[in-house]
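Reading through the structure tokens given below for one structure.
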Amino acid sequence: MAHVVLKDLVKTYGSFKAVNNVSLTVNDGEFVALVGPSGCGKTTTLNLVAGLTPITSGDIVIGERLVNDLDPKDRDIAMVFQNYALYPQKSVYKNLAFPLQMRKLPRDEIDRKVKEAARVLDMTHLLERKPRELSGGQQQRVALGRALVRDPAVFLMDEPLSNLDAKLRVQMRSEIKRFHQDLKATIIYVTHDQLEAVTMADKMAVMNGGYLQQYDSPAQVFAHPVNMFVASFIGSPAMSLIPLEASTANGNTVLTSAEGWILELSQLNARKVQRATTKKVVLGARHSTIKLHKSAAPGAIPAKAYTVEPTGDVTFVQAFLSGAIVNISVSPNIAVAPDEQIWLEFDQERTHLFDGETEMALKAD
Amino acid sequence: MSTIAETASRGQTRRRSVDGWQWAGRVFLLFMLLYTALPMIWMLITSIKSGFAATQFPPQWWPDEPTLASYQKLLDPQNSVGQDFLRFFWNSLFVSTVTTILSVIVAVPAAYAFSRFSFPGRNFLFFAVLLRNMFPAVIFLVPLFILMRAIGLVNTHGSLVLTYLTFGLPLAIWLLKGFYDNIPVQLEQAARIDGATRFQAFILIVMPLSTPGIIATAIYSFIGAWNEYIYAYTFLSKNDQLTLPVGIQRFFSENTTDFPGLMAASFMMSVPVVVLFLVLQRYFVRALTEGAVKH
Amino acid sequence: MTIVTGKAEARRRLQPGWSGALRKIWEHRADYAYVLPAIVVMLIVIAYPIYYTVELSFFKTPPGLQLRDKSFIGFDNYTAILTSAVFWKVTWNTLIWTLGSTFIAFVLGFATALALHRDFIGRGVLRAILIIPWVISAVAASYIWKWIYHSDFGIIGAVLVGLGLADRPPNFIDNVSTVLPSLIVVNIWREFPFAMIMMMAGLQTVPDQLLRAARVDGASAWQRFWHVTFPHLRNVSVVTILLLAVANFNSFIIPWIMTGGGPSNASHIWITHIYELAFGRQRWGVASAYSVLLFLMLMTLGYFYVRALSGNDRKEGSA
Chain C
1 MAHVVLKDLV
11 KTYGSFKAVN
21 NVSLTVNDGE
31 FVALVGPSGC
41 GKTTTLNLVA
51 GLTPITSGDI
61 VIGERLVNDL
71 DPKDRDIAMV
81 FQNYALYPQK
91 SVYKNLAFPL
101 QMRKLPRDEI
111 DRKVKEAARV
121 LDMTHLLERK
131 PRELSGGQQQ
141 RVALGRALVR
151 DPAVFLMDEP
161 LSNLDAKLRV
171 QMRSEIKRFH
181 QDLKATIIYV
191 THDQLEAVTM
201 ADKMAVMNGG
211 YLQQYDSPAQ
221 VFAHPVNMFV
231 ASFIGSPAMS
241 LIPLEASTAN
251 GNTVLTSAEG
261 WILELSQLNA
271 RKVQRATTKK
281 VVLGARHSTI
291 KLHKSAAPGA
301 IPAKAYTVEP
311 TGDVTFVQAF
321 LSGAIVNISV
331 SPNIAVAPDE
341 QIWLEFDQER
351 THLFDGETEM
361 ALKAD
Chain E
1 MSTIAETASR
11 GQTRRRSVDG
21 WQWAGRVFLL
31 FMLLYTALPM
41 IWMLITSIKS
51 GFAATQFPPQ
61 WWPDEPTLAS
71 YQKLLDPQNS
81 VGQDFLRFFW
91 NSLFVSTVTT
101 ILSVIVAVPA
111 AYAFSRFSFP
121 GRNFLFFAVL
131 LRNMFPAVIF
141 LVPLFILMRA
151 IGLVNTHGSL
161 VLTYLTFGLP
171 LAIWLLKGFY
181 DNIPVQLEQA
191 ARIDGATRFQ
201 AFILIVMPLS
211 TPGIIATAIY
221 SFIGAWNEYI
231 YAYTFLSKND
241 QLTLPVGIQR
251 FFSENTTDFP
261 GLMAASFMMS
271 VPVVVLFLVL
281 QRYFVRALTE
291 GAVKH
Chain X
1 MTIVTGKAEA
11 RRRLQPGWSG
21 ALRKIWEHRA
31 DYAYVLPAIV
41 VMLIVIAYPI
51 YYTVELSFFK
61 TPPGLQLRDK
71 SFIGFDNYTA
81 ILTSAVFWKV
91 TWNTLIWTLG
101 STFIAFVLGF
111 ATALALHRDF
121 IGRGVLRAIL
131 IIPWVISAVA
141 ASYIWKWIYH
151 SDFGIIGAVL
161 VGLGLADRPP
171 NFIDNVSTVL
181 PSLIVVNIWR
191 EFPFAMIMMM
201 AGLQTVPDQL
211 LRAARVDGAS
221 AWQRFWHVTF
231 PHLRNVSVVT
241 ILLLAVANFN
251 SFIIPWIMTG
261 GGPSNASHIW
271 ITHIYELAFG
281 RQRWGVASAY
291 SVLLFLMLMT
301 LGYFYVRALS
311 GNDRKEGSA
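Residue numbers (the UniProt record's numbering), protein chains in the order written: chain C, 1 to 365; chain E, 1 to 295; chain X, 1 to 319.
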């Protein structure tokens, strides 16, 4: 196992910058998820690490080696692809044996390792089948096995679960996580599904438009998103972002809405707002940090329920505030009807404030 | 090539009253079948007539005395006609086979590169290759004849192989490129990460997967070379070098009335390509589907 | 991590302008190895002949291939061609031959493909039979039809006489007014299967969902064809028609073997005419000038051909 360092990584196609000065370090044994919407550069970044795409500039270090100009085969990596990329003309056994054959291992050792991998992944009975005779989940497991059998320094995974159905995806998610824990493997995992990243990764690198937005543990990213993009991308349902304007009332800093209502701020939040470069401030609140009142309450803002979505454990209510959709979760035993008048109270300890111009999170100091 | 969905939708239409379109289609198909098959049937019937029986008016719809004499004559190595015919046959087989093998060897890497790499000038080269299809043989005949004479290939099969190669290549490259486009690039990437070089990934993973395409390309090359006439007609003058299309023409311009012999020869000339086609037709048709009708 | 290399810097400095392009070519040098054999063969057998044809078209050439004795005469060959009556006759024939064969072969092929699209017993066998004419050699086809059209013992003539439609067997290919249509019938016989295969392949790509949706929306069979199937096949149709047109424009064997261009040039098309000028009458210069004109016309067609193909070639190669 080894660490991976990306330093000022750039990939351009003509004038299009697919990856823009990305720098990050993956420590030995760490599970890092590259996450972002499609086209954000995450898969390109992974291909740069794999050596499948030549880099434009920057450096990649795997272990202690600078691998910029090495062929994929010499980088000591294994990769799991979104469409599994199993060799269709080879049996499962031969698929697993292929990387070992390429390394010219003796036949009996290949046999031993393939059978070991098959045992670990519980697919000994599938060894003689062809990939097309396997279910999606089984194919996924073979792909994993082919990566595992080599004992590489780093595992690269490119959306490995996105072709599976929802139920299988949850199951495989825990299998991959288990796989990581057992092997203490260094894994770089690309996904567009923030839930996968949050649940599996030690650290997540949120990317957008070819730039690395934030690189931290899922808990940190969730609790302290650095900007509005990260705030809205991580968490489901998405964080509500309400555009407001800073002003003063009775000597206190408050936020006013174009709809006429005023939100008074805690001291900490007032300090944050004062640091904004503009009067435009965006209030961010996750669904669980907004309290719903069925009658007027001090500090609560009047709104109308728009849709009500019971999910069993919680009920999600959507409303409009200042033109933005606001998600609120309430206990299922609170009955809310569409178009009903409601009052919303923000938990000032847990709201986020963003600069309306730069879209960066506002800090108190 | 019917899909389940297709069959299902057919079931739905059947329930409606038999529509006019379906009948029109059947009548039309019958007409096309007659148009296609009758000339070939007449060829076969004529080939088993005697020379006398063939030149009767009104014609004998079925010969009074069917005979395989024409075939025996063509296949008899003792007879000078048979000697010539068998030699032409062998020449055609030789030229077509060599052309086919070389076509595949040259077209496979080229098609692969056009499908996978994005080197500068890729599109230009690809279309330059395809443009070859546009030009009639005649444009190249005179200069090629002079060129072949200069390098001493006139009256050799080498001149034909070289020319047929360029005939077949554009189509072969185009068809194969269609196949390679349909092989996921991730398979090669996986192989390269698994420790293969780019070349090994091509040989070990991509080549086996493109076998149907290679077979189709090979049939195209073979049939094209087997049926080619104009270059063979121009480049070859020695009797013992002629290929079948030219040989038969030379041969029967001397015996213009031997229609049963001519029909028997036409039939024998068609047998190898028709058999090849019938046996491998699924590849043949699939190549066109994947090469030409990508969606 | 303090691994710093000068390499990336060097790479950046090399980027712009010509050196950038050269570097790109150099970086991809291994890729060219794959296409090199194809390119070399093409160069020898295509580029050189084209150059040579153009050169020869400006020369007066003696008969026989003693081309050392040629003399430069500028555009004389071209003016000679464009002012000759034969040229316009042959051009007219070529036009009828190409358009007639292409159009009818395409329509027949398309119709057959549609009729074969529905599954029925024996469909596979029928399809195989229908394709055979395309597979067998044009030389064989020419002889078969020459025999069918034969003025004394031809079967068509015999049938017409037998039905009382003619007093004696008509002379199809020795008659100025019937020879070209008769040859076109043979050409279509050989070519409609190609259109059929292409359109069958195209039909398979028509999404079944769309057809079902149209049926739910109450579209009749004809409306489904016109609004769903046909628009979907536009690209395939264009490619098929262009390929047929090019093949027909370039055909040689059928007219050459069946009539040799006769009677009195009634079935001469460009290609057979050029061939006769060059190898029959040994007028290499004029034949070359003809070829150049042909070449220019084909380049025009070729422009559309490439456009149609590149429309079909949206997939980008990746590496």
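Here a beta-carbon is modelled for each residue, glycine too, at the ideal position from N, C-alpha and C.
If you're wondering where the values come from, they're calculated on a predicted model, not measured in any experiment.
How many whole angstroms separate the CB atoms of L156 of chain C and I77 of chain C, which I take to be in contact at a CB cut-off of 8 Å?
In the first sequence, residue 156 of chain C corresponds to position 156, counting from 1. In the first sequence, residue 77 of chain C corresponds to position 77, counting from 1. In this structure L156 of chain C is in contact with I77 of chain C, their Cβ atoms being roughly 6 Å apart against a cut-off of 8 Å.
A138 of chain X to Q204 of chain X, Cα distance in whole Å?
In the third sequence, counting from the first residue as 1, residue 138 of chain X sits at position 138. In the third sequence, counting from the first residue as 1, residue 204 of chain X sits at position 204. Roughly 29 Å between the two C-alpha positions.
Kindly say whether T166 of chain E, judged by its beta-carbon, lies nearer than 8 Å to any beta-carbon of chain X.
As a working mapping, residue 166 of chain E is identified with position 166 in the second sequence. Cβ-Cβ to chain X under 8 Å: yes for T166 of chain E.
Give a yes or no on whether 8 Å exceeds the smallest Cβ distance from I183 of chain E to chain X.
On the second sequence, residue 183 of chain E is found 183 positions in, with the first residue counted as 1. Chain X has no Cβ within less than 8 Å of the Cβ of I183 of chain E.
Among the residues of its own chain, which have a CB less than 8 Å from the CB of R173 of chain C, if the five just before and after it don't count?
Position 173 of the first sequence, counted from the first residue, corresponds to residue 173 of chain C. If we look at R173 of chain C and ignore the five residues flanking it on each side, its Cβ neighbours are L161, E196, T199 and M200.
Spatial distance of T25 of chain C from D74 of chain C (CA atoms):
Here residue 25 of chain C corresponds to residue number 25 of the first sequence, with the count starting at 1. Here residue 74 of chain C corresponds to residue number 74 of the first sequence, with the count starting at 1. Distance between the alpha carbons of T25 of chain C and D74 of chain C: 20 Å.
I need the boundaries of the alpha helix (DSSP H) containing F259 of chain E, first residue and last residue.
Taking the first residue of the second sequence as position 1, residue 259 of chain E is located at position 259. Run containing F259 of chain E: F259 to V279, per the alpha helix (DSSP H) assignment.
In chain E, what lies closer than 7 Å to Q89 of chain C by C-beta?
The residue you call residue 89 of chain C lines up with position 89 of the first sequence. Contact annotation for Q89 of chain C against chain E: P208 and L209 [CB-CB distance below 7 Å, chain order].
For chain C, is any of its Cβ atoms less than 8 Å away from the one on G195 of chain E?
As a position in the second sequence, residue 195 of chain E is number 195, starting the count at 1. A Cβ of chain C is located within less than 8 Å of the beta carbon of G195 of chain E.
Looking only at DSSP bridge pairs, what is P243 of chain C linked to?
Translated into positions along the first sequence, residue 243 of chain C becomes position 243. When DSSP reads this structure, P243 of chain C sits in a beta bridge with C:V282.
Under 8 Å Cβ to Cβ from P332 of chain C, same chain only, skipping five residues before and after it: list those, please.
Against the first sequence, residue 332 of chain C aligns to sequence position 332. Only residues of its own chain outside the window of five on either side were considered, and among them P310, G312, D313, V314 and T315 have a CB closer than 8 Å to the CB of P332 of chain C, listed in chain order.
Given a cut-off of 8 Å, decide if K304 of chain C and E345 of chain C are closer than it, judged by their beta-carbon atoms.
Looking up residue 345 of chain C in the first sequence gives position 345. Looking up residue 304 of chain C in the first sequence gives position 304. No; because the gap between Cβ atoms is not below 8 Å, this pair is not in contact.
Could you give the DSSP three-state label for H352 of chain C: helix, strand or coil?
Working through the first sequence from its first residue, we reach residue 352 of chain C at position 352. In the three-state reduction of the DSSP assignment, H352 of chain C falls in the strand class.
Can you tell me where the alpha helix (DSSP H) with L195 of chain C in it begins and where it stops?
By 1-based counting over the first sequence, the position of residue 195 of chain C is 195. Residue range Q194 to M200 is occupied by the alpha helix (DSSP H) that includes L195 of chain C.
Using the three-state DSSP reduction, which class does Q171 of chain C fall into: helix, strand or coil?
As a first step, residue 171 of chain C is located in the first sequence; it is residue number 171 there, counting from the start. Note: Q171 of chain C maps to helix in three-state DSSP.
Between the CA atoms of G260 of chain C and A85 of chain C - distance to the nearest angstrom:
Counting from one through the first sequence, the residue named residue 85 of chain C turns up at place 85. Counting from one through the first sequence, the residue named residue 260 of chain C turns up at place 260. For A85 of chain C and G260 of chain C, the distance between alpha carbons rounds to 57 Å.
Leaving out five residues on either side along the sequence, give the residues of the same chain with a beta carbon under 6 Å from the beta carbon of P62 of chain X.
For the purposes of this step, residue 62 of chain X is identified with residue 62 of the third sequence, where counting begins at 1. Excluding five sequence positions before and after P62 of chain X, the CB atoms of its chain that fall closer than 6 Å to its own CB belong to D69, given in chain order.
Taking buried to mean at least 16 other C-beta atoms within 10 Å of its own C-beta, is E128 of chain C buried or exposed?
Sequence index remark: in the first sequence, residue 128 of chain C carries index 128 (1-based). Classified as exposed, E128 of chain C has fewer than 16 neighbouring CB atoms from the shown chains inside 10 Å of its CB.
Name the one or two DSSP bridge partners that R212 of chain X has.
Looking up residue 212 of chain X in the third sequence gives position 212. According to DSSP, R212 of chain X shares a beta bridge with no other residue.
What residues from chain E crowd round W145 of chain X, counting only those whose CB sits closer than 7 Å?
On the third sequence, residue 145 of chain X is found 145 positions in, with the first residue counted as 1. Within chain E, the residues whose beta carbon sits less than 7 Å from that of W145 of chain X are P39, listed in sequence order.
Could you check how far apart the C-beta atoms of E30 of chain C and T186 of chain C are, in whole angstroms? I think they sit under 8 Å.
Residue mapping note: residue 30 of chain C aligns to position 30 of the first sequence, counting from 1. Residue mapping note: residue 186 of chain C aligns to position 186 of the first sequence, counting from 1. The Cβ separation is near 6 Å, so the contact holds.
Between which residues of its own chain and R286 of chain C is the CB-CB distance below 7 Å, once the five residues before and five after are set aside?
Within the first sequence, the letter at position 286 stands for residue 286 of chain C. The residues G235 and M239, in chain order, have a CB closer than 7 Å to that of R286 of chain C in the same chain once the five nearest residues on each side in sequence are set aside.
Any idea which residues DSSP pairs W343 of chain C with across the strands?
By one-based count along the first sequence, residue 343 of chain C stands at place 343. Paired residue(s): C:H293 and C:P302.
Three-way DSSP call (helix, strand, coil) for F87 of chain X in this model:
Counting from one through the third sequence, the residue named residue 87 of chain X turns up at place 87. It is helical.
For Q209 of chain X and W90 of chain E, the rounded distance between their alpha carbons
For the purposes of this step, residue 90 of chain E is identified with residue 90 of the second sequence, where counting begins at 1. For the purposes of this step, residue 209 of chain X is identified with residue 209 of the third sequence, where counting begins at 1. Pairing W90 of chain E with Q209 of chain X, the inter-Cα distance amounts to about 52 Å.
Close Cβ partners of H117 of chain X (< 6 Å) along its chain, the five nearest in sequence each way excluded
In the third sequence, residue 117 of chain X corresponds to position 117, counting from 1. Exclusion of the five residues before and after H117 of chain X leaves L203 as the residues of its chain whose Cβ lies within less than 6 Å of its Cβ.
Cβ neighbours of M198 of chain X in the same chain (closer than 7 Å, five flanking residues each side left out)
Translated into positions along the third sequence, residue 198 of chain X becomes position 198. Hits under 7 Å: V236 and T240.
Give a yes or no on whether 8 Å exceeds the smallest Cβ distance from A113 of chain E to chain C.
Your numbering for residue 113 of chain E matches position 113 in the second sequence. No, no contact with chain C.
For G317 of chain X, decide whether its Cβ has a neighbour in chain E, counting only Cβ atoms nearer than 8 Å.
Position 317 of the third sequence, counted from the first residue, corresponds to residue 317 of chain X. For G317 of chain X, the predicted model reports a pLDDT of 33, less than 50, meaning its position is unreliable; a value from the coordinates is still stated below. Cβ-Cβ to chain E under 8 Å: yes for G317 of chain X.
Quick one: residues in its chain with C-beta nearer than 8 Å to the C-beta of V267 of chain E, no 5 flanking neighbours on either side, listed in chain order?
Sequence index remark: in the second sequence, residue 267 of chain E carries index 267 (1-based). First, the residue type needs correcting, since residue 267 of chain E is Phe and not Val in the sequence shown. Excluding its 5 nearest sequence neighbours in each direction, F267 of chain E has C-beta neighbours in its own chain below 8 Å: M43, L44 and S47, listed in chain order.
Against chain E, does V35 of chain X count as a neighbour if the rule is that its beta carbon must be under 8 Å from one of theirs?
Taking the first residue of the third sequence as 1, we reach residue 35 of chain X at position 35. With 8 Å as the cut-off, V35 of chain X counts as an interface residue toward chain E.
Close beta carbons around P237 of chain C, own chain, < 7 Å, minus the five adjacent residues each side:
Position 237 of the first sequence holds residue 237 of chain C. If we look at P237 of chain C and ignore the five residues flanking it on each side, its Cβ neighbours are H287, F316 and N327.
Let me see if you follow: with CB-CB separation under 8 Å, is N163 of chain C close to chain E or not?
By one-based count along the first sequence, residue 163 of chain C stands at place 163. So, not an interface residue.
Hey, how far is the Cα of Q78 of chain E from the Cα of I223 of chain E?
Locating residue 78 of chain E in the second sequence gives position 78, where the first residue counts as 1. Locating residue 223 of chain E in the second sequence gives position 223, where the first residue counts as 1. Taking the straight line joining both Cα atoms gives about 29 Å.
Just the Cα atoms here: how many angstroms apart are S57 of chain C and D69 of chain C?
One-based indexing of the first sequence puts residue 57 of chain C at position 57. One-based indexing of the first sequence puts residue 69 of chain C at position 69. Straight-line Cα distance between these residues: approximately 11 Å.
For L209 of chain E, collect the residues of the same chain with a Cβ closer than 6 Å to its Cβ; drop the 5 residues on either side in sequence, then sort them by chain order.
In the second sequence, the residue the question calls residue 209 of chain E occupies position 209. Non-local beta-carbon contacts of L209 of chain E in its own chain, meaning distances under 6 Å to residues more than five positions away in sequence, involve I183 in chain order.
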